[in-house]
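K.L.:
Numbering (the working numbering), first residue to last: 3 to 95.
Structure representation (structure tokens):
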């Protein structure tokens, strides 16, 4: 199923995902006293790059997760990547 065949209601989904992830990470970054984002811990001032990268990733993965034919495979890959990222971050604590 190509991206243009999605119902009209799902077309703004990547933009919504981008805005949601960016705003939540921005709140975490601005409200916490100690750095909570991994890139900010090692390179002070680089949290903005990590926020943008994760928001773009959310916008990129959203249409793939909304496609019923690819959602299962994409979900497994996404969860594996997220788990690896979480474990890497936990190892640095």
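Think of the CB as a built atom: it goes at the ideal place given N, C-alpha and C, for glycine as much as any other residue.
Of the residues 86, 30, 18, 15, which one's Cα is nearest the Cα of residue 49?
P.N.:
For this step, residue 49 is matched to residue 47 along the chain shown. Closest option to residue 49, Cα to Cα, is 30.
K.L.:
Return yes when the Cβ of residue 76 is within less than 9 Å of the Cβ of residue 89, no when it is not.
P.N.:
In the chain shown, the residue the question calls residue 89 occupies position 87. In the chain shown, the residue the question calls residue 76 occupies position 74. It is not a contact, given that the beta carbons lie outside the stated cut-off.
K.L.:
For the alpha helix (DSSP H) containing residue 47, name the first residue and the last one.
P.N.:
If you number the chain shown from 1, residue 47 lands on position 45. Where residue 47 is concerned, there is no enclosing alpha helix (DSSP H), given that its DSSP letter is neither H nor E.
K.L.:
Please classify residue 14: does DSSP put it in a helix, a strand, or coil?
P.N.:
As a working mapping, residue 14 is identified with position 12 in the chain shown. Three-state DSSP puts residue 14 in coil, outside helix and strand.
K.L.:
When the Cα atoms are used, what is the spatial distance from residue 59 to residue 38?
P.N.:
Walking along the chain shown from the start, residue 59 turns up at place 57. Walking along the chain shown from the start, residue 38 turns up at place 36. Spanning the two alpha carbons is a distance of roughly 19 Å.
K.L.:
Rounded to a whole number of angstroms, what is the C-alpha to C-alpha distance between residue 22 and residue 95?
P.N.:
For the purposes of this step, residue 22 is taken as the residue at position 20 of the chain shown. For the purposes of this step, residue 95 is taken as the residue at position 93 of the chain shown. Cα to Cα, residue 22 sits roughly 26 Å from residue 95.
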